[in-house]
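Chains as they are written, first to last, in full-length UniProt numbering: chain A, 1 to 447; chain B, 1 to 447; chain C, 1 to 447; chain D, 1 to 447. Even glycine gets a Cβ: it sits at the ideal position worked out from N, Cα and C.
There are 4 protein chains.
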Amino acid sequence: MSLLSLSPKASSLKDKLEKFVNECCIPAEDEYERHIAQLSGADRWTYAAVPPVLDRLKSEAQSLGFWNLFLPHPIPSHLITGGTSSDGDDDVAITPSMYLSNREYGILCEVMGRSSLAPEACNCSAPDTGNMEVLLKHGTEIQQSTYLKPLLQGKIRSAFLMTEPDVASSDARNLQTELKKIVQKDGSVKYILNGKKWWSTGAMDPRCKVALVVAQMDYSDPSCSEGKEPKRGNQTVVIVPMPHPGVKCVRPLTVFGYDDAPHGHAEVWLDNVELDESAVVLGEGRGFEISQSRLGPGRIHHCMRAVGLAARCYELMLERTFQRQTFGKYLHEHGSCREMIADSASDLEAARLLTLACAEDIDRLGARGARDKVAMIKVTVPELTSRVVDRAVQIFGGAGVCGDLPLARALVGLRTLRIADGPDAVHKQSLALLELKKAKQRMQSRV
Amino acid sequence: MSLLSLSPKASSLKDKLEKFVNECCIPAEDEYERHIAQLSGADRWTYAAVPPVLDRLKSEAQSLGFWNLFLPHPIPSHLITGGTSSDGDDDVAITPSMYLSNREYGILCEVMGRSSLAPEACNCSAPDTGNMEVLLKHGTEIQQSTYLKPLLQGKIRSAFLMTEPDVASSDARNLQTELKKIVQKDGSVKYILNGKKWWSTGAMDPRCKVALVVAQMDYSDPSCSEGKEPKRGNQTVVIVPMPHPGVKCVRPLTVFGYDDAPHGHAEVWLDNVELDESAVVLGEGRGFEISQSRLGPGRIHHCMRAVGLAARCYELMLERTFQRQTFGKYLHEHGSCREMIADSASDLEAARLLTLACAEDIDRLGARGARDKVAMIKVTVPELTSRVVDRAVQIFGGAGVCGDLPLARALVGLRTLRIADGPDAVHKQSLALLELKKAKQRMQSRV
Amino acid sequence: MSLLSLSPKASSLKDKLEKFVNECCIPAEDEYERHIAQLSGADRWTYAAVPPVLDRLKSEAQSLGFWNLFLPHPIPSHLITGGTSSDGDDDVAITPSMYLSNREYGILCEVMGRSSLAPEACNCSAPDTGNMEVLLKHGTEIQQSTYLKPLLQGKIRSAFLMTEPDVASSDARNLQTELKKIVQKDGSVKYILNGKKWWSTGAMDPRCKVALVVAQMDYSDPSCSEGKEPKRGNQTVVIVPMPHPGVKCVRPLTVFGYDDAPHGHAEVWLDNVELDESAVVLGEGRGFEISQSRLGPGRIHHCMRAVGLAARCYELMLERTFQRQTFGKYLHEHGSCREMIADSASDLEAARLLTLACAEDIDRLGARGARDKVAMIKVTVPELTSRVVDRAVQIFGGAGVCGDLPLARALVGLRTLRIADGPDAVHKQSLALLELKKAKQRMQSRV
Amino acid sequence: MSLLSLSPKASSLKDKLEKFVNECCIPAEDEYERHIAQLSGADRWTYAAVPPVLDRLKSEAQSLGFWNLFLPHPIPSHLITGGTSSDGDDDVAITPSMYLSNREYGILCEVMGRSSLAPEACNCSAPDTGNMEVLLKHGTEIQQSTYLKPLLQGKIRSAFLMTEPDVASSDARNLQTELKKIVQKDGSVKYILNGKKWWSTGAMDPRCKVALVVAQMDYSDPSCSEGKEPKRGNQTVVIVPMPHPGVKCVRPLTVFGYDDAPHGHAEVWLDNVELDESAVVLGEGRGFEISQSRLGPGRIHHCMRAVGLAARCYELMLERTFQRQTFGKYLHEHGSCREMIADSASDLEAARLLTLACAEDIDRLGARGARDKVAMIKVTVPELTSRVVDRAVQIFGGAGVCGDLPLARALVGLRTLRIADGPDAVHKQSLALLELKKAKQRMQSRV
């Protein structure tokens, strides 16, 4: 049986999802873009900047059952039967009809990746999916009721604050944001969060109501000092309700000229953000564990969406070759153009197979057991899909670099994937170390 | 003697220009960017969008003698001693102090390429330089007085309208913009220009006062038909004063999210633009000749500016490696980072040498005799310099893709060079045909 | 389920085969090489050049059940129960214990590819497997008894004569070898075969007892002319017993300095080889059909053996990094070395997955339905595996290019795969045409 | 003036040399190859293996003045007027008619590189040129009379023994061959040389009469111990007359299947080779200095010969495209073939310019001042020229990988250049360190 095979039920889901993406999401992209293009400055980060077409797509996706498909297993009953979602409106179906393996959900991610609108329409977009997984796995019942439920309902959005401007954040030990612990006289604990973050995707989104922040424990306060030597502890993840007076979104960052409003990427200064114990996820010092657990499935999603996006660009390129002529021949009749097609078909197929094989390893061995494959796709898939889109841009010429087609944005988006969640160099080192470890074991077993 | 060597006089010019670029232009970039960033919508294409800092730089460049350095030989005296420049102000020195070869000017282009502001500050930016060359070589005295003089003075800017949205413009025979000739009863001639252009760089610039337009001759009007069979003639270049009621800049195009205001790239509809004989440059049907003659030196300029831009990014990358640490080591201590440095040094040097060798061929053999080298650098230099900037982006991580550094814009700018003036595929074919011709001659000489 | 998964029975077979290859075949390579190295000139193409160790390995493989594993389904009973094998010795088990799918056999090919001796030891080496498949599918009972049976028994070897020195053979229509048909007075038919072939792998092998030759039908003889206009017909495959007085092996060809004796690659002149009707396979003019049907599964075998060979080189490289030091560190501690490891792991995995996905397509859709994937792996797998071995050579330095390790031969062998059975360019064109056809159908279905 | 320009005198020399190479050397290659091909085993390393055609070419080169052109400046008069050359025959003109700069000689190296026979025909082949330079710069008058003179006369050949099989020799500190110093009772000194070398090019050549050996000083003998603490000193170069009973050429090494007889590459065991003080070149512990000084100009020679070889392969490929047809078109009419031509033209030109710019830096700044460029070409030129030859192989198909054309040997020869004199990784590190040093200086100068 194939990496590409699906159960009959999932296969039918895929067919319907393809129809939804191709016939509803892709045609809506223009309206979405036009809506945002007319706004400037601060207006781009308000509710007015959220294109109404998105809500239409979300309703449709919900009614078709394409909702929260990323969820790997059933959610706690308290999230379904009641809770404290912001507006008391609990009539939204928040659980998918079936629980998919990473491999199966990966195949759907390729479909959703074809349109920039599909993941959000299906409540399957980053960083929300990762945050929902964290809250589902590690959140308290109150954290789940307060934040997870409205996220699952698609009523709010969220941010994950990890990367920092002043250090190479690919080495997590470099992080400087500090969570100072203070034991108060009554024995209760409070935390003060200080630091600078950037590439905080979604932090400026008007719908963003919660941020998960990774910070270094700071035990230097005298109230903590009884017997504890190390002033500096491991990382902790805390929940900060958004917007928050101490969380200052100082500016939107552009990605090669795109600000991606209204979701965007913010530089955020954390200025004496005061939190109590209920803000901590899983426990003090367990931040690394949490950020690691986000990564495996998250990379499958990213990579398969990248494959879907590149596949769409590839199809556009194929069609273009039937429409344009140079030197008396259609583009598709030129040998060099055909080589670009063949190379792209191969690159796409390799990217797809590598990612699905990794997804299957996660399904079979867990994210930890699949670390080698996860590192492998983190590096190779952005590279392979970039090449495909780069060729599509080249075939389209001027149309490929402007805003008339999804190509230009796709190319820089895929380029950015080589940096997001750590640059290639870091993941190649990880993969090599795992390979060297296996080699060492083989050598020792022979002696 | 080396490709890199300069006469003592030119060498001193280069040193002073480097100082000007590094100490005046580069530090002014932030002010320039901030000025434009605050404007939105249509405001970005008004005089208000032209940052005042630019005028300061232009004055300084003029007073230092860095003005119109691209001019290969003295200009007609009527341009110096009088004429009809728009405001009668002729006190501007418009001729450079020395006339440089393409190789020597190329070396200065590398220096100017380091800052996005330097070429314009020195009145050496595209498409003005190409347009000035055309007017200098082929313009009538009146065309020169009216348009060339203020261009040389830096008082106005210009556009060159060639590429079209509806056809693959890399094959010039595809162009559809038509120049209909009508012989009037009194024997005088009038022309009607119709068509669509895009990637018309500078056409929306408020300072743009003249456009050169490439159009296909249309002799279908009965007034032309006496004895002339072919209804469709070769291409002609005409001068259109700007702004013009028949020239509609329908929208700015973005390049990977950048609109490059206030200069920018427009889609332009030519709607019954009426012109008389004085608008024709060189003669009817001589458009291909004109556009070809622009290309040789223009590519040297583009390529050497690309080298300068990549060299700046490379230096920023080198400095970054001393500032950031991962896994207990500075970036420059990591072996894989060092490989990126070595590869970049080699790529830059290859790009530089190839371009200067081509410039020297143009100096020695003329642009036509150097066609093989011109095609060669058109393809290789964007590729080589892109690789350098791509590595710099990778070393910088998040900072590399946002607007804080010139890297992101540089990367997409160099990517676009692989399309501008014809995609790689076209120039590779040209180069191959020239190589095959030489091979055939060698084979025949042996028989 | 994974592309890499096997049934329990096949999985156990794989484990045992790995043991056989690693513990019997690989250790025997030195003896094999030394045996051949001592011979020179014509001696290299005699029975004396066949290293005795090979027979030992073949016996062992037979007794372990690793024999003719490539056979996809049971063979005719007459081949098992009797027949006319050259020496009447029919006690050799010629059928495998299980009939594997292309995907499953592919996984075993990777294992066999690790040692240059394993495929022949298991009677699974080219071109015999392809020839056996042809005879099994298309041979008459007599052809099967005479040639297929001893081939299945591993008693003889065979050659496939297709490529020609004087034409670009990647375009099969270019072939010039002619099969002249003559209808004799008694109505019986005879054929005269004339032409030049090269890269005739195995034709000089002393054990080669049969050659399949592809030739163009020549109906120009007057005896054929009644009513038949076209003098030149399609290609036909004929069987020629070897050695044969009209089949002149004029010289061995080297592959980057290796002659691969005693199997080798011959230039062969066919000089008035007289054959009767029993020599024709399947029928006159059906040669293209036959050579196409060889290709699908054959490419799986080639590609997976390439993966196995590259995997072995990769493992050697990993081990080397623990043994050598430069500049105070083991090779594996150098960042640039680790990048080579990571890239190789990714390349290997991509090559493996692409090939197995193609094998599965052949299993599911037949070779014709999998043409796109077959073309894809024909191009990508030699490229991907070459890169891996190239890095291994680089890590080993001098030891990598000499005869002490399998690396040098592997590198040029994989390089040659980019040419054998047609150069990359041809297969990229085929793949592109299939992709374009699919695109056209998509476009039409939307109208 | 160009990197490619020559003085009129040198230009005329180049024209005549081209004629000699194209009309005498290249046509003689077949005879040379056939002569060697008929010999096997030990016979390949005897005087009988030296093809007579070589002496004819050498005489012709001498009479035409193409002799010892690599010599950068006049040689001591004692080498011209007398001395102790082996056979007393001093009538051979050993000095070139003009002393060329590295850049000018580099241009001639490209010409000589076109034929495998030309460098030796002109007494300009490795490792003799490097050894002659060492002896000319650092040799005593006796060393010069004994070894340098017959080398300059082309009467003997030589070897340079540096690389070792048991250590990564790219890090010179790893070398294990030891030169034990013993101070004898009479105060005189003797040395005992022990160790293993490989890739000792030319050591098995019957004409090899002298070897320069790099060894680590060993001062552990009690006779050295007065006051000297370190038992192990720096490296020393010693001269060993060849053949020598203690110098055992244990086997020839192959380079991808080629043994390059009769010159070849030997594994050599140094077994208690006894030497006296006259054997030391320059002085104890000065070996690193000597081996470094060989490298700069030597790399120009290697790289420009590589360019010449690749240029020849490129020209063969161009011609082939006029001779073969596939799918109804000549190869040169296929777009993908034209891309291969264009890319090759660019690669060749880049390789040529980089090397000549480096040569000019050596001329201007000395080998030490040009270290960055020397490292740069060491890495890039084998890579660029390999790509060219790889494409030529691909265009030729089967003919490209066998012995009928110089392509196959060229490809593996260029591949081996990436390893010889240190692998790419080492030279990239050196280049990066030099670039980082410059960057640091720039940064400091700004503070």
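- [ ] Please report how far the alpha carbon of residue 424(D) lies from the alpha carbon of residue 397(C), in whole angstroms.
- [x] 10 angstroms
Task: Segment contact, 8 angstroms Cβ cut-off, at least three pairs: the region 192-210 of chain C with the region 253-272 of chain C - done: yes
Open item on the list: Let me check one thing: in DSSP terms, what residues is residue 265(D) bridge-paired to?
Closed with: 201(D), 253(D)
TODO: Determine which residues share a DSSP beta bridge with residue 160(B) and list them.
DONE: 212(B)
Task: Within chain B, partners of residue 403(A) - CB distance below 7 angstroms - done: 254
Task: Coarse secondary structure for residue 3(A), derived from DSSP in three states - done: coil
TODO: Measure from the C-beta of residue 383(B) to each C-beta in chain D and report whether the shortest distance is under 7 angstroms.
DONE: no
Open item on the list: Pull the bridge partners of residue 325(D) from the DSSP assignment, please.
Closed with: 330(D)
TODO: Rank 294(D), 311(D), 426(D), 9(D) by C-alpha distance to the C-alpha of residue 129(D) and give the top, closest one.
DONE: 294(D)
Task: Nearest neighbour of residue 367(A), chosen from 344(A), 406(A), 41(A), 291(A) [CA to CA] - done: 291(A)
Task: residue 221(D), DSSP secondary structure in three states - done: coil
TODO: State yes or no: is the C-beta of residue 178(C) within less than 7 angstroms of the C-beta of residue 215(C)?
DONE: yes
- [ ] Please state whether DSSP places residue 167(A) in a helix, a strand or coil.
- [x] coil
- [ ] Determine, using beta carbons only, whether residue 344(A) and residue 391(A) come nearer to each other than 7 angstroms.
- [x] yes
Task: Within-7 angstroms CB hit, residue 441(B) to chain D - done: no
TODO: Run the CB neighbour count on residue 213(B), radius 10 Å, all protein chains shown included, and call it buried at 16 or more, exposed below.
DONE: buried
- [ ] Compute the Euclidean distance between the alpha carbons of residue 112(B) and residue 313(B), then round it to the nearest angstrom.
- [x] 14 angstroms
TODO: Name the two residues that bound the continuous beta strand (DSSP E) containing residue 178(B).
DONE: 178-183
Task: Segment contact flag, the region 313-322 of chain C with the region 405-414 of chain A, C-beta cutoff 8 angstroms, min 3 pairs - done: no
TODO: Have a look at residue 30(B) and residue 115(B) and give me their C-alpha separation to the nearest angstrom.
DONE: 11 angstroms
TODO: Kindly indicate the opening and closing residues of the beta strand (DSSP E) around residue 233(A).
DONE: 232-241
- [ ] Would you mind stating whether residue 109(A) and residue 304(A) have Cβ atoms separated by less than 7 angstroms?
- [x] yes
Task: Span of the alpha helix (DSSP H), counted from its first residue to its last, around residue 131(B) - done: 128-138
Task: For residue 258(C): DSSP bridge partner residues - done: 255(C)
TODO: Please list the partners that residue 257(C) has in chain D, where partner means a Cβ-to-Cβ separation under 9 angstroms.
DONE: 254, 255, 256, 257, 258, 259, 403, 408, 409, 412
- [ ] Would you list the one or two residues that DSSP bridges to residue 195(D)?
- [x] 270(D)
Open item on the list: I need the DSSP call for residue 30(C), collapsed to helix, strand or coil.
Closed with: helix
Open item on the list: I need the boundaries of the alpha helix (DSSP H) containing residue 391(A), first residue and last residue.
Closed with: 371-396
Open item on the list: Suppose you measure from the CA of residue 245(C) to the CA of residue 274(C); what does that come to, to the nearest Å?
Closed with: 10 angstroms
Open item on the list: Can you list, in chain order, the residues of its chain with a C-beta nearer than 8 angstroms to that of residue 33(B)? Leave out the 5 residues immediately preceding and following it.
Closed with: 403
Task: Contact list for residue 423(D) against chain C, beta-carbon separation under 7 angstroms - done: 394, 397
Open item on the list: Please list, in chain order, the residues of the region 342-375 of chain B that have any C-beta partner in chain C closer than 8 angstroms.
Closed with: none
TODO: Mind reading off the beta-carbon distance from residue 414(D) to residue 353(B)? Whole number of angstroms is fine, and I expect it under 8 angstroms.
DONE: With a Cβ gap of about 21 angstroms, residue 414(D) and residue 353(B) do not count as contacting.
Task: Beta-carbon proximity of residue 168(A) to residue 324(B), cut-off 7 angstroms - done: yes
TODO: State the Cα-Cα distance for the pair residue 24(A) and residue 439(C), rounded to the nearest angstrom.
DONE: 21 angstroms
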